[in-house]
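Residue numbers (our numbering), protein chains in the order written: chain A, 67 to 482; chain B, 67 to 482.
Shown next, in the form of structure tokens:
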């Protein structure tokens, strides 16, 4: 290896000082130029991608994995468009909040600043490479990228284009660094550099996230799985409930904000469940019901203990009848992954109780869990969805890549 | 040991669910009742404190340490007053920010919620026990306290009073838990309970904080040391500079926001330094100067390489002459602990450049670093001063013990 992981991180640290002071115009011009550069380099990117694809086929990767790895024309265009969209977002850096005058005349406020150096550790999809670089550049951070081995050649090619454009734009090419080795040891080395790196963001399967969390001395922004619940209350509007529950389960079942368990108030279970389950089945959903559900709709699979904490990510739904809002909240507290939960009700008091008592990162009334998303919430491009409460909780946009320092404008104030 | 660390944490987790839903009136009434309870139990607290004090004397602790350990009448009254002041703060929990209507009609905002279970690991001063319990209760968190062995009997006595009052107030006594063993193994066990504890806050010396950071699987809110700088620019108002620099060094030199290094613009070093150093010496400050400083004021100790990264915490000051704002910022970037830095200048452009380029948690213009404090900033009681950027940066009040979840009010919205 020509360059150590520490050497790369040192370069990123030096670049971070320059990137933090770039004005928005310079950053946005660079983002647009990178987009143009990726479009222009499409043939080059696809040639390198072919190497990864043949490797993947030789290693017997699944068709779904190979699909995610492919830099089709559409994917390259999507990468470029994503960067242009990031350029259009307002710059969070330099924004001052809550400026107020203290009794001694000192003006005190909080200014948004970049975090510094972000390490992004991710798997498969090569488009994460340009997304992460764009999000970090926009928020004034230097980034150290460490992609998966399957996309090694594609990632190198994308980073080459980005660095070329950065140099053309008179921005330090070390603002976007890449770890060009794919062994675990390099990651573990990276995770010990707490003097050089401010935050680690793992993106990928639960195994990756756990491995990073357990080995890191650097704070980790975690985005675990989504075990989302909908609770249909006795005062639910059934038409809203049918529509929302169906959407939450079938519109894109492989996503982390899809519903995995449906909880139904016993008071309406008999009137609600037969039609609801008929619609689910018509959409190809396999239902796994508790005993009380099966007493109402007999022709379904019995749910087992392993179904309640399951993230199915496919057309399977666990269904449970509960006696009260309290039992629903208890079930959620026990099995939820703190991602997103929704109550369907026309009852004001129970809507507010659910909203206040459930402490998942998104809590909804009469809306589909599929709406828990940075784009839907108006945050712009999404860095991820945090399910731990520190720093960011829920969909996280570029503001999540910044911190706030205190700024004080004085006129000679001292401590009395 | 009758109860394992895990058992205690499990109880705290269960209590957290109840405490998070207490309304402000109940929490504030409990805080005032604990204050009254501590005053009423003064004799009991002081009797237990005497055991710690005789142990401390037997172990040869310094007079300063013994002073910090003593539950004098004044200290007990201070503990009670601090709780009453916390009761008067506005409740951060339940506050909804940034509620807006999305294009599909969904109302989306962010609601402040407690973090859940906070573990506080601290040394010596027994008043931290009631402070931490009060701050966590106010912010709707359960807390697990683990104090130092020197204050063991005092801490147990304080916790006993708190639990007695909580029960009287019909609040779960497990809202405030205490680890009644003083060996390191108990702390290390605690630091592995990431399924039960949301955040760890170490308060104490650098050794404690490092040990916690290195062993914790749970996110840690760190409050390291303060190596604060003041830069006197060529356009400084000398009278302001004399007053501010003297205050920053001598008003309370043992605090983390006291100035440790003074940087002086070469353009004014000859006119500024002789009178400034005369005033420092008159206040008993030992000056350690760079070569250029000593060329102007010969009669001072030469600074060595170990003085620039030093947190003296006493009447010693390192002084360095620099050629420009850039050199000052570079020096700060190299040696600062990201706590607080201040520029003294009447020049608008350099004031703003300093404010923007220095990324310490507090950056000031024409004000004493001693003002970097939760109370001075209007945050109310201070949990600590964070010098790492994640979650909280700078003085941290009870808002730092909360997170924000997304709340969505819908009317049947689904993902299209």
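Using N, Cα and C, we set each Cβ at its ideal position, and we do this for glycine too.
DSSP beta-bridge partners for residue i?
i	result
residue 295/B	327/B, 407/B
residue 368/A	355/A
residue 290/A	In the DSSP output, where bridge partners are listed per residue, residue 290/A has none listed.
residue 468/A	180/A
residue 267/B	186/B
residue 430/A	408/A, 474/B
residue 167/B	173/B
residue 462/A	450/A
Quick one: grab the DSSP three-state call for residue i.
i	result
residue 250/B	helix
residue 384/B	strand
residue 402/B	coil
residue 140/B	helix
residue 448/A	coil
residue 394/A	helix
residue 243/B	strand
residue 190/B	coil
residue 212/B	strand
residue 130/B	helix
residue 206/A	coil
residue 162/B	strand
residue 479/A	strand
residue 14/B	Nothing in the structure corresponds to residue 14/B, since chain B is present only between 67 and 482.
residue 302/A	coil
residue 84/A	helix
residue 70/B	coil
residue 123/B	helix
residue 424/A	coil
residue 234/B	helix
residue 338/B	helix
residue 435/B	helix
residue 350/A	coil
With the cut-off set at 8 Å, would you say residue i and residue j are in Cβ contact?
i	j	result
residue 203/A	residue 77/A	no
residue 291/B	residue 322/B	yes
residue 407/A	residue 243/A	no
residue 148/A	residue 335/A	no
residue 420/B	residue 391/B	yes
residue 358/B	residue 331/B	no
residue 343/A	residue 316/A	no
residue 179/A	residue 471/A	yes
residue 455/B	residue 303/A	no
residue 183/A	residue 111/A	no
residue 380/B	residue 219/B	no
residue 338/B	residue 307/B	yes
residue 144/A	residue 163/A	no
residue 289/A	residue 468/A	no
residue 476/B	residue 431/A	yes
residue 155/B	residue 353/B	no
residue 309/A	residue 206/B	no
Beta-carbon within less than 6 Å of residue i's beta-carbon, same chain only, minus the 5 sequence neighbours each way: which residues are those?
i	result
residue 107/A	227
residue 214/B	189, 190
residue 481/A	none
residue 90/B	157
residue 412/B	301, 303
residue 459/A	427, 452
residue 376/A	none
Could you pull out every residue in the same chain whose Cβ sits closer than 7 Å to the Cβ of residue i, ignoring the five residues on either side in sequence?
i	result
residue 378/B	326
residue 67/B	Note that residue 67/B scores 48 on pLDDT, short of 50, meaning its location in the model is unreliable; the coordinates nonetheless yield the value given after this. Within the same chain, residue 67/B has close Cβ partners 247.
residue 508/B	An answer regarding residue 508/B cannot be provided, because it is not within the stretch 67 to 482 covered by chain B.
residue 69/A	none
Suppose the cutoff is 8 Å on Cβ atoms and the five residues either side in sequence are ignored; what does the same chain contact list for residue i look like?
i	result
residue 278/A	187, 253, 257, 266, 268, 286
residue 72/A	255, 259, 262
Would you say the region 436 to 456 of chain A touches the region 321 to 336 of chain A, given that touching needs at least three Cβ pairs under 8 Å?
yes
Taking 8 Å as the cut-off, does the region 423 to 434 of chain B touch the region 366 to 383 of chain B (at least 3 CB pairs, one atom from each stretch)?
They do not touch, by the three-pair rule.
Any chance the region 131 to 141 of chain B sits against the region 109 to 119 of chain B, with 3 or more Cβ pairs inside 8 Å?
Segments in contact, yes.
Should the region 186 to 195 of chain A be called in touch with the region 164 to 171 of chain A, which here means at least 3 C-beta pairs below 8 Å?
no
Examine the Cβ distances between the region 89 to 104 of chain B and the region 148 to 164 of chain B and report whether three or more of them are shorter than 8 Å.
yes
Is there contact here, the region 84 to 91 of chain A with the region 228 to 240 of chain A, by at least three beta-carbon pairs under 8 Å?
yes
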